[in-house]
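Novice: Residue numbers (this note's numbering): 71 to 376. By construction, the Cβ of each residue, glycine as well, lies at the ideal position given by its N, Cα and C atoms.
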Amino acid sequence: MPIPVVDKIWMNGELVPWADAKVHVLTHALHYGSGVFEGIRCYDTVRGPAVFRLDEHMARLERSAKLYYMPVPYTREELSQATKDLIKANGLRACYIRPLVFRGYGEMGIFPLNAPVETIIAAWPWGAYLGDDAAQHGIRAKCSSVRALDNASLARAAKACGQYLNSILAKVEVNKAGYDEAIMLNERGHVAEGSGENIFAVRRGVLMTPPVSDGILEGITRETVIEIAASLGIPCTERTLTRSDLVISDELFCTGTAAELVPIREVDDHVIGEPGPVTRRIQEKFHAIVSGRDDEFAHYMEAVEG
Numbered sequence: 071m072p073i074p075v076v077d078k079i080w081m082n083g084e085l086v087p088w089a090d091a092k093v094h095v096l097t098h099a100l101h102y103g104s105g106v107f108e109g110i111r112c113y114d115t116v117r118g119p120a121v122f123r124l125d126e127h128m129a130r131l132e133r134s135a136k137l138y139y140m141p142v143p144y145t146r147e148e149l150s151q152a153t154k155d156l157i158k159a160n161g162l163r164a165c166y167i168r169p170l171v172f173r174g175y176g177e178m179g180i181f182p183l184n185a186p187v188e189t190i191i192a193a194w195p196w197g198a199y200l201g202d203d204a205a206q207h208g209i210r211a212k213c214s215s216v217r218a219l220d221n222a223s224l225a226r227a228a229k230a231c232g233q234y235l236n237s238i239l240a241k242v243e244v245n246k247a248g249y250d251e252a253i254m255l256n257e258r259g260h261v262a263e264g265s266g267e268n269i270f271a272v273r274r275g276v277l278m279t280p281p282v283s284d285g286i287l288e289g290i291t292r293e294t295v296i297e298i299a300a301s302l303g304i305p306c307t308e309r310t311l312t313r314s315d316l317v318i319s320d321e322l323f324c325t326g327t328a329a330e331l332v333p334i335r336e337v338d339d340h341v342i343g344e345p346g347p348v349t350r351r352i353q354e355k356f357h358a359i360v361s362g363r364d365d366e367f368a369h370y371m372e373a374v375e376g
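(1) Out of curiosity, what's the CA-to-CA distance linking leucine 100 and glutamine 233?
(2) For glycine 285, count neighbouring Cβ atoms within 10 angstroms of its own Cβ and tell me buried if that reaches 16, exposed if not.
(3) Whole angstroms are fine: how far does the CA of arginine 117 sit from the CA of glutamate 375?
(4) What's the call for histidine 127, buried or exposed, on a 16-neighbour Cβ count within 10 Å?
(5) With a floor of 3 residues, list each beta strand (DSSP E) that falls wholly inside the stretch 294-350, ordered by position along the chain.
(6) Assign alanine 218 to one of three DSSP states: helix, strand, or coil.
(7) Answer yes if the stretch 104-115 comes into contact with the stretch 152-172, meaning at least three C-beta pairs across the two stretches below 8 Å, and no otherwise.
(8) Evaluate glutamine 151 with the Cβ neighbour count: other Cβ atoms within 10 Å of its Cβ, from every protein chain shown; 16 or more gives buried, anything less gives exposed.
(9) Quick check on the DSSP output: the alpha helix (DSSP H) that includes methionine 128 runs from which residue to which?
(10) I need the straight-line Cα distance from proline 347 to arginine 292, nearest angstrom please.
(11) Report the start-end ranges of each alpha helix (DSSP H) in the stretch 169-253 that is 4 residues or longer and not cut off at the edges.
(12) Bridge partners for isoleucine 269 per DSSP, in chain order?
(13) With distances taken Cα to Cα, identify the nearest neighbour of aspartate 77 among Ile191, Glu344, Met140.
(14) Please name the residue in Val171, Ile352, Met81 whose C-alpha comes closest to that of tyrosine 139.
(15) What whole-angstrom Cβ distance do lysine 212 and isoleucine 167 have, given they're in contact under 8 Å?
(16) Output the distance between the C-alpha atoms of glycine 259 and alanine 373, rounded to the nearest integer angstrom.
(17) Going by other Cβ atoms of all chains shown within 10 Å of its Cβ, with 16 needed for buried, is aspartate 123 buried or exposed?
(18) Evaluate contact between the stretch 306-313 and the stretch 270-282, counting only Cβ atoms and requiring at least three cross-stretch pairs below 8 Å.
(19) In the DSSP output, what is glutamate 84 paired with across the bridge?
(20) From glycine 208 to glycine 289, what does the alpha carbon distance come to, in whole angstroms?
(21) Smallest Cα separation from alanine 222: which of Asn82, Glu263, Ala240, Ser283?
Below is the structure:
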């Protein structure tokens, strides 16, 4: 999806023109993937533009940076304020937000600690990641031959740039085969996640999602769905899922900041069907929250103004 150009990007403490937000070709992160990032959404709510779970996203960015020995040069509060300043400077009401902390120019080689740490925040309008029709009617997914990352191999709790190379392979593989999204299994053959989303299955009214120990990123939208399920009285459990569990489920959906909450109507050429009642109830609650119409979870939305 092309990125629309807006006026400003926040870079190392300053709002700079979009075209001037540049790095050197010998930037460490460009060669070794030594960066961590977040995906955040701002919504145009009934009370004005508001960012969904901004503090939780910045907290995860801090954790990711810590796992890769990158001290973030700014506090969480400074980054949150910079995000809101950026949205206002660009006159945006709804947008996707990308904070990135990375090793910059000045050192080459695998040992990264002498390379400077740089920070940027970009924001731009971005619609439905998996297509306008996806949230309503669902997508076609396929289990990829590319395995999910193992907890013992990388700092899996981090949302790190280099860790998405296998997600890219999985996404391209299934896209070339005619599917919308990949589902990745771990080395034990258990369901892990999508190329950029967490996975949920429903069977006999019970919501199920893989545990962190099966090699998933602790998604903030995933956590939100678990909390929404509790508020709606929907039983939810974190448990290991097999490929067969997906096929015989009554409902399937995936979650993520970019994807939001998207039903899966077909997996590995097995029809699951149109989005079911559990999926719809959670979708409706989620959309009420991000549009500013839900009092129970109103604290999740941080106003850009004020």
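Specialist: Looking at the coordinates:
(1) 13 Å
(2) buried
(3) Between the alpha carbons of glutamate 375 and arginine 117 lies a distance of about 10 Å.
(4) buried
(5) 306-308, 321-326, 330-337
(6) coil
(7) yes
(8) Flag for glutamine 151 reads exposed.
(9) 124-137
(10) Answer to the nearest angstrom: the Cα atoms are 18 Å apart.
(11) 204-207, 235-246
(12) Cys324
(13) Ile191
(14) Val171
(15) The Cβ separation is near 30 Å, so there is no contact.
(16) 42 Å
(17) The sequence as given places arginine at residue 123; aspartate does not occur at that position. The residue in question, arginine 123, is buried, as its Cβ has 16 or more Cβ neighbours within 10 Å.
(18) yes
(19) Met81
(20) 20 Å
(21) Ser283
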